[in-house]
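Novice: Below are the structure tokens for one structure; questions will follow.
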Amino acid sequence: MKRRMAKLMALSMAAAMIASLAACGGGDSGSGDGGSSSGGDSGSASGGDKEIVYWNIGTESPDKDVITKAVEKFNSETESGYTVTSVPTQNDTYKEKLVVAMSSGECPDMYSCWSGGPMYEYIDSGFGQPIDDLFNASEIKDKLMESAVSQATYNDHVYAVPYQNISMSGIFYNKEMFDKYKLKEPETLADLENICDTLKKNDITPFALANSSKWTGSMYYMNLAARYGGLEPFQKAVAGEGKFTDDCFIKAGEKVQEWVEAGYFPDGVNSLSEDDGQAKQLMYQETAGMLLCGSWYTGTFATDSAEFYEKIGWFPFPAIEESDADPSIMIGTVGDQFIVFNCEGEKLEAAFECAEKHLDEEVIDFEVENGKIPPVQGIESKLTDSITKEVVEAANNASEIQLWYDQYLPPAVATAHLDGLQEVFGLTKTPQEAQEAMQKAMDDYLANKAE
Amino acid sequence: MGGKEISLEKLRQRDTRRVAALFLAPVAILMAIYVIYPIIDTFITSTYQWNGISAGKKFIGIGNWKTLLADSSFWIAFRNNLVIMVLSICIQIPIGLALATFLDFGGKKLTVFKVIWFIPLLMSSVAIGFLFTYALATNGGLVSTISGWFGGGNVDLLGNPKTALLTVIMVICWQFTPFYMVYFMAAFTNIPYDVFEAARIDGATRGQYFWKIAFPLLVPSMKSAAILSMVGSLKYFDLIYVMTGGGPGTSTELMATYMYKQSFSTFNMGYGSAVAGGMFILISMVSLITMKLLNGKEEA
């Protein structure tokens, strides 16, 4: 009897221990969590109330102020009779919260997201409404950059309103350091490698990279792949007509490993954390000369130290001589935050009106003041910062702009890409192996979708 | 006469049952809602192909389970869990016991150690994760600096797939050893002081007292400590999530982090549920087998 009790106890203990996990696994059971802050609101809103619930990640300035400004403007000026309630959530937990809310039928009426794979997933699951009619009738149609609209488009329909920031990947460098060693901005990859060698000789790490976050290393990879083979191999692979084992992907991976072996990246690159600012620290300590990342770094540098920011220059990723790929192609996001709508009829009109307010002149001016580059045409005339101007110029001149792989790809493929690439950086996988794993994830995804 | 007695006894039995049911009801209801229902729901969800948000789920029977059995990532994660389990038990319990013994023999004057050693357990896992990420940083971290004093180069512990898991296990042990220390201290207080006195009067040294008397009396506590540690290791999540995110590559991926990634990052709730179900089965099995082994020994 005692032993049976012990067994029972053990079973129930094991059950209790795993219960928390199981609760995460079971979609329905998580509903309490997602609804905690606004479940009541959205519940009543979908019940025909005149309230629109708007989820976003504006928990900190300046994002918070921008959204507050737009929402307040809508609430005070609108004639629709609706009011918008903004529900900001911290960035890290936002995606999970959104998923839980959707699975439990508490999806907000409008929400902000990053476009790409997850957004397509939301739309496919019925949590995003096409806004073609509203969009075509609106003045923001002519106002927004074409590339921004194309990143908000899925299956030939416009689904979202991009509003926040243009962010292109490019290389930041320490101008003083370049002067000291008589270096100038590179035109070709060979030039760039010469710069790296010179820096290396002088005991300076060429690239500041913190790759425990994984997407940071992907920046280098995406640019290399785009310069080797343009965007066509990537687009084909995504469509299922090509493979991620294409030459340009393998070459990009091999180049990464060549750079790792040559010591172009800091020691222990895979354990440095971008979130803890370990890449920028290397720049500040002037032990690293360059940093390839999204152009949001202008804001980071300027906020951390205006003095240091004076020393910083920027250039887009250089061309590769032996390749005929278009060197004007940029990797980045045109909008950063995209507002998606989960309501219909009058309510959708009102929500769309609120989204329009995010692109109001007054709000745009405010964003520019705070170092953002809203994705609207002619924005360069409003900018004063020289690096930001260069970034916008590169974006305007780009023949095509590809959204970050990890954001654009179906999430399972993105994970395979990031995991594999990290091992390529760690020299524990060959580029071929990493790309095959990525292709396998893509095959699985396409097979599932076709079913 | 006899009939009356039986009915009295029956009456008492009925009352006992009623009261038992009444007192057990709150726990039973909570268990049903928060433990049993989610587990059943997890198993149901695992038979669907579902991204976690769409209204339509596609029933695929045991499709997810077939994939799970053939999924090398899951088995790598399970193996990592087993490594954590074995090393946790081998490191935490002996050290915890040693510390507890030291404190027990030392008495009140060692209270300061008791307090200091208990601190790691009071810190949140996330804070510990950040703390050690900095302490073990390749550039300017503790280990790299010490290695520098002796002329060695930078040491990359968390970024190297060969050392990452061991490094995280050391941190886990740092965090949980105090728990077993306290656990064994409590066990020591259960040994009557007379036993100690009697042993001393009979001429036993402290060493003899520990090995011949205290240790055997502590064995049952050690068994339950081992089971606690085992179940804890198999469902481990937080420190790994903060320190390595399962990386580099899949070298520190655990079943729980894998489940989380499948369910939330890659929109694969159906498969994530199968992983959770698989974890449930594996953990139950490992626990049952271990308990059978431990109890078997007791009888022998």
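Chains A and B are the protein sequences, given in the same order. Read in order, the letters of the first sequence correspond to residues 1 to 451 in the working numbering. Read in order, the letters of the second sequence correspond to residues 452 to 751 in the working numbering. By construction, the Cβ of each residue, glycine as well, lies at the ideal position given by its N, Cα and C atoms.
Beta-carbon within less than 6 Å of B/Met730's beta-carbon, same chain only, minus the 5 sequence neighbours each way: which residues are those?
Specialist: Closer than 6 Å at Cβ, skipping near neighbours: Met706.
Novice: If you compare alpha carbons, which of A/Thr415, A/Gln422, A/Glu451 and A/Thr428 is closest to A/Gln439?
Specialist: A/Thr415
Novice: Would you kindly report the start and end of the unbroken alpha helix (DSSP H) that includes A/Tyr111?
Specialist: Element bounds for A/Tyr111: not the alpha helix (DSSP H) but the beta strand (DSSP E), Met110 to Cys113.
Novice: So the alpha helix (DSSP H) A/Glu79 belongs to, where does it begin and stop?
Specialist: Note, A/Glu79: premise wrong, no alpha helix (DSSP H); not H, not E.
Novice: Is it right to say A/Cys354 is buried, meaning 16 or more other beta carbons lie within 10 angstroms of its own, or is it exposed?
Specialist: buried
Novice: Please look up how many angstroms separate the CB atoms of B/Leu519 and B/Ala725, rounded, as I've assumed it's under 8 Å.
Specialist: 5 Å
Novice: Which residues in chain A have a C-beta closer than 9 Å to the C-beta of B/Gln500? List them in chain order.
Specialist: Asn448 and Glu451
Novice: If contacts are defined as beta-carbon pairs under 8 Å, then A/Ser399 and A/Ser295 qualify, I think. What distance do you get, rounded to the angstrom?
Specialist: A/Ser399 to A/Ser295, Cβ: 19 Å. No contact.
Novice: If we define contact as Cβ-Cβ less than 8 Å, is B/Ile504 a contact residue for chain A?
Specialist: yes
Novice: Would you kindly work out how many angstroms separate the C-alpha atoms of A/Cys113 and B/Leu538, rounded to a whole number?
Specialist: Rounded to the nearest angstrom, the two C-alpha atoms are 42 Å apart.
Novice: Under 9 Å Cβ-Cβ, which residues of chain A neighbour B/Leu609?
Specialist: Ser212, Gly268, Asn270 and Ser271
Novice: Taking buried to mean at least 16 other C-beta atoms within 10 Å of its own C-beta, is A/Ala152 buried or exposed?
Specialist: It is buried - the Cβ of A/Ala152 has at least 16 other Cβ atoms within 10 Å.
Novice: Find out if the Cβ-Cβ distance for the pair A/Ala395, A/Met168 is shorter than 8 Å.
Specialist: yes
Novice: May I have a chain-ordered list of the alpha helix (DSSP H) segments no shorter than 4 residues that lie completely inside the region 625 to 686 of chain B?
Specialist: 644 to 652 and 666 to 685
Novice: DSSP three-state call for A/Glu51: helix, strand or coil?
Specialist: strand
Novice: Would A/Met487 pass as an interface residue toward chain B - the criterion being a Cβ-Cβ separation below 8 Å?
Specialist: Past the boundaries of the shown model lies residue 487 of chain A; chain A is included only from 1 to 451, so the question cannot be answered.
Novice: With distance defined between alpha-carbon atoms, name the residue in B/Gly558, B/Phe639 and B/Ile579 nearest to B/Tyr397.
Specialist: Past the boundaries of the shown model lies residue 397 of chain B; chain B is included only from 452 to 751, so the question cannot be answered.
Novice: Could you check what DSSP says for B/Ser716 in three-state terms: helix, strand or coil?
Specialist: helix
Novice: Along chain A, which residues have their Cβ under 8 Å away from the Cβ of B/Phe627?
Specialist: Per Cβ cutoff of 8 Å: no residues; B/Phe627 is ~14 Å from chain A at best.
Novice: Can you give me the start and stop residues for the beta strand (DSSP E) that A/Met290 sits inside?
Specialist: Ala288 to Gly294
Novice: If you draw a straight line from the C-alpha of B/Phe775 to the C-alpha of A/Pro108, how long is it?
Specialist: For residue 775 of chain B there is no data in the structure shown, the boundaries of chain B being 452 and 751.
Novice: What are the complete alpha helix (DSSP H) segments, minimum 4 residues, inside the region 94 to 150 of chain A?
Specialist: 117 to 124, 132 to 137 and 140 to 143
Novice: Kindly indicate if chain A contains any beta-carbon less than 8 Å away from that of B/Lys712.
Specialist: At least one CB of chain A lies nearer than 8 Å to the CB of B/Lys712.
Novice: Tell me which residue opens and which closes the beta strand (DSSP E) that A/Ile331 is part of.
Specialist: Met330 to Gly335
Novice: Taking just the CA atoms, how far does B/Leu609 sit from B/Thr618?
Specialist: 7 Å
Novice: Note the first and the last residue of the continuous alpha helix (DSSP H) segment covering B/Val486.
Specialist: Per DSSP, B/Val486 belongs to no alpha helix (DSSP H) and is neither H nor E.
Novice: Using a 10 Å radius around the Cβ and a threshold of 16 neighbouring Cβ atoms, would you call B/Ile567 buried or exposed?
Specialist: exposed
Novice: Who are the Cβ neighbours of A/Ala434 in its own chain at under 7 Å, not counting the five residues just before and after it?
Specialist: Gly253, Gly420, Leu421, Glu423 and Val424
Novice: To the nearest angstrom, how far is the alpha carbon of A/Glu176 from that of A/Ala208?
Specialist: 16 Å
Novice: So B/Ser716 contacts chain A; which residues on that side make the cut at Cβ distance below 7 Å?
Specialist: Pro411 and Thr415
Novice: Nearest-angstrom Cα distance between B/Glu460 and B/Leu473?
Specialist: 20 Å
Novice: Could you tell me whether the Cβ atoms of A/Pro374 and A/Val334 are closer together than 8 Å?
Specialist: no
Novice: Which partner residues does A/Val158 have in the DSSP bridge list?
Specialist: A/Thr153
Novice: Hey, does A/Glu423 have any beta-carbon neighbour from chain B nearer than 8 Å?
Specialist: Yes, A/Glu423 counts as interfacial toward chain B.
Novice: Starting from the C-beta of A/Ile364, find all residues in its chain whose C-beta is less than 7 Å away, skip the five residues before and the five after it, and write them out in chain order.
Specialist: Pro374 and Val376
Novice: Taking its Cβ as the centre, do 16 or more other Cβ atoms sit within 10 Å of B/Gly599, making it buried, or is it exposed?
Specialist: exposed
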